[in-house]
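In what follows, a structure is listed as structure tokens, so that the remarks can point back to it.
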DNA sequence: AATGAATGAGACTTCATTCAT
DNA sequence: AATGAATGAAGTCTCATTCAT
């Protein structure tokens, strides 16, 4: 079963097949446990061809990260339409995010788990994607604050912190939804939206929770 | 020269030294990249002794997970006093959680990253700990609901998702606080508490955010 | 961009380009370390073409040896004019030899180092050249002997040994002159000539150095 | 045939067995063509043990060079007694040199051919040995000049050049003697001694050969 | 005349694990 | 209680070589 062993394909096509296989293996086994043998076999080619096209295990992994990161940010961007109210934009973005991670669980595993588990060549690659998504959320939170006519209700770094928290929560939830049978991506998105939007709304209305004074 | 070679220690002590070393190496390198050689050297013993006491790499890793999970749940339990108001209990629990993980980063890495990145023998081990923490949060939510004279009304898996989101948000915030000058870890924790508590409170008061009706 | 890709050249020309590239790579990297990939790239052609024209790595190396050996003996022959006194012929021959090897260091490396370092297919190829050079020196010695009105009296293998010693001495001197400021290559050649000619002359006049009698 | 598979030997012994095998394989096949598999098999151990003790192919090769170089210089030093006339010292040194290289042809191949054929980590290792031998010969030539009461007959750099030439000649002759059946080490030594001593004697008596004036 | 696509075989190296003391 | 000596298995990567156009 699997890929029919079609021969003599143009390079670009073969490269994509290899990346498909690599994402799957890396996502399931992890970077170290993945073997180039297995990847090559799943791609339906011989190992030397993988090396010819993608240089090394490290480069192959980097290429996977880059491709998956690009695809994910593109999916989120495509899911959102500017001009709509902030909560609607957030909801659309979250849905796109969770839908994409649910459809590409191995890709998300590569980005969220595997790339972070290993050293510097890879972490930086993911950081770029994350920065972009955080910036998107930050903008949304700011818009929401403006819509609530509460400038300058939230100091700038508070907004940034909330965006970070939101993205982190989404990332974790996506992995959890993928790993937990019976939880659909949409449910996870709704839970988060609910949670986040209520919290944000409260904050913007000035209902801050104050830490107790008596601490060691 | 180098580590003083204290010999003939009782077995229990030696085992702890080995686990210390193993947690450190596993936490930093990951399960696959960690080598028994390095662990034995860091523990100051020969490799056969590690095998004599801990059987295999897999068993050693399992022992690490178990020890670190126990330590973490104990720390959280110790940080919370029952009888206080729910928000205070949550705040105390969060503080204990983050204090412990900050003090034992390798242990936390083992639990949160490494154990999840690899197959079934290990994931089950972490599940136990996760269950306990979720139970703690669930209880808090129940307490809060009682305080608000309301039926908690949150299904079990919703609570699990919230716990997951909370941890993800916290990790994100911790990393962000670490990388952003002018933001202390405690401020970040307060932001998180704020965010979470408001959201939870709203949810329990029945203020649910409603997804828009027009969807594909 | 890069090397101009002149296509459709007549076979003879292409072959020379390939041999040029091969001699350079073989001379610098050695037979085993040289890769057909690198040779093809330096020659500006694709690998299959190299195989089409030169069959195999072994055949390619043999062709290199043959070409370089022929060139070297031709250069020496061209540098010497018969009829001149023997010492003048030797001096001219040495100069031609060193001029050629200095101008074609990779070729000389192929002949002198690489070909000897590997087994039988190649050593035989060099032997032919060596035979010719030894014959040249032998003839010179004979001429010198005639000039001195003496029977040369040097057995064949003695001459071969002297030739070997001469080449070794010359190589050593060349490297030394190269590394020592204030010593030109020509001075080194003169020193060698001096050394060699005196020794040869003495030998032919029958002034043999006698090993001491008391030996174990 | 060969090494009986004796097990559990002390490390120092095993290391020597490995070096023995490595020198033989490296000397016969060359650095690149030698395979660690073959070396391990000839040494009668498994490959991992070779790596455990000697780290890498490169380190193993370096260790070979170092051991053989030390052995060779020691043999030459042991063959010479100071206080004897210079020609006697030279003769003894040459005999020791040729005897050693004849008894250890693979070692000599490693030093003379293989180490020079490959890049910088190794060439430096041989250079040290060579420097020591050249210094020894330089001293001898100077002593000979003094004995001939011809100070300052030979300028300093001329002495150095002659020593270089002598050593180079000896090196080449040794390899040639090893590779040529029917030529004993002692014959080679005598030929070189004859050649060199006569030349040196002539030079020191002022009989210099003058290059012809008419050159391009 | 020339090449892009592809691979079988084998190299170096590392690792978890055991044996004998 | 503890270790020096040793290895089978597997991993990444390279290379000479061929096929189909």
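Chains as they are written, first to last, in this note's numbering: chain A, 13 to 228; chain B, 13 to 228; chain C, 13 to 228; chain D, 13 to 228.
We put the CB at the ideal spot given by N, CA and C, even for glycine.
Small disclaimer: the values here were computed from a predicted structure and weren't measured.
Close partners of residue 128(C) in chain D (Cβ separation under 7 Å): 125. Interface annotation for the region 87 to 115 of chain B against chain A: 99, 100 and 103, criterion Cβ-Cβ distance under 8 Å. Using beta-carbon distances, residue 70(B) does not count as an interface residue toward chain A, since no partner is under 8 Å. Cβ-Cβ separation between residue 200(C) and residue 191(C): approximately 11 Å, too far for a contact (criterion under 8 Å).
By the criterion of a C-beta distance shorter than 6 Å, residue 174(A) is surrounded in its chain by 153, once the five residues flanking it on both sides are discounted. With fewer than 16 other beta carbons inside 10 angstroms of its own, residue 94(C) counts as exposed. In this chain, the alpha helix (DSSP H) harbouring residue 138(D) covers 132 to 159. Only residues of its own chain outside the window of five on either side were considered, and among them 104 have a CB closer than 8 Å to the CB of residue 96(D), listed in chain order. Under the DSSP assignment, residue 113(C) falls in the alpha helix (DSSP H) whose first and last residues are 98 to 115. Rounded to the nearest angstrom, the gap between the Cα atoms of residue 19(D) and residue 49(B) is 23 Å. A direct Cα-to-Cα measurement between residue 156(D) and residue 98(D) gives close to 5 Å. In the structure shown, residue 196(C) adopts coil according to DSSP, grouped into three states.
Scanning its chain for C-beta atoms nearer than 6 Å, with the 5 sequence neighbours on each side dropped, one finds around residue 55(B) the residues 29, 30 and 33, in chain order. Bounds of the alpha helix (DSSP H) holding residue 169(D) are 168 to 191.
Taking CB atoms only, residue 44(C) has a neighbour in chain D less than 8 Å away.
By the neighbour-count criterion, in which 16 or more other beta carbons inside 10 Å mark a residue as buried, residue 58(B) falls on the exposed side. Going by DSSP, residue 21(C) is part of no alpha helix (DSSP H) at all; its letter is neither H nor E.
According to the DSSP assignment, residue 64(D) belongs to the alpha helix (DSSP H) that extends over 59 to 66.
Residues of chain A with a Cβ closer than 8 Å to the Cβ of residue 81(B) do not exist; the shortest Cβ-Cβ separation is about 18 Å. Distance from residue 183(D) to residue 124(D) at the Cβ level is roughly 6 Å; contact confirmed, criterion being Cβ atoms closer than 8 Å.
Non-local beta-carbon contacts of residue 83(A) in its own chain, meaning distances under 8 Å to residues more than five positions away in sequence, involve 112, 116 and 119 in chain order. In the DSSP assignment, residue 48(C) falls within the alpha helix (DSSP H) that extends over 48 to 55.
Residues of the same chain with a CB within less than 6 Å of the CB of residue 121(A), apart from the 5 flanking positions on each side, are 39 in chain order. By the Cβ neighbour-count rule, residue 64(D) is exposed, with fewer than 16 other Cβ atoms within 10 Å of its own.
According to the DSSP assignment, residue 91(C) belongs to the alpha helix (DSSP H) that extends over 69 to 91. Distance from the CA atom of residue 80(D) to the CA atom of residue 127(D), rounded to whole angstroms, is 11 Å. Not a single CB atom of chain B sits nearer than 8 Å to the CB of residue 120(A). About 4 Å separates the beta carbons of residue 180(A) and residue 180(B), which is inside the 8 Å limit, making them a contact pair. In the three-state DSSP reduction, residue 44(A) falls in the coil class, being neither helix nor strand. Between residue 107(A) and residue 178(A), the alpha-carbon positions lie close to 14 Å from each other.
Collapsing the DSSP output to three states places residue 28(A) in a helix. Setting aside the 5 residues that flank it on each side, residue 75(B) is surrounded in the same chain by 31 and 66, each with a C-beta closer than 7 Å to its C-beta; the list follows chain order.
Closest option to residue 27(C), judged by alpha-carbon separation, among 47(C), 46(C), 44(C) and 61(C): 61(C). For residue 203(D), the nearest beta carbon of chain C is closer than 8 Å to its own beta carbon.
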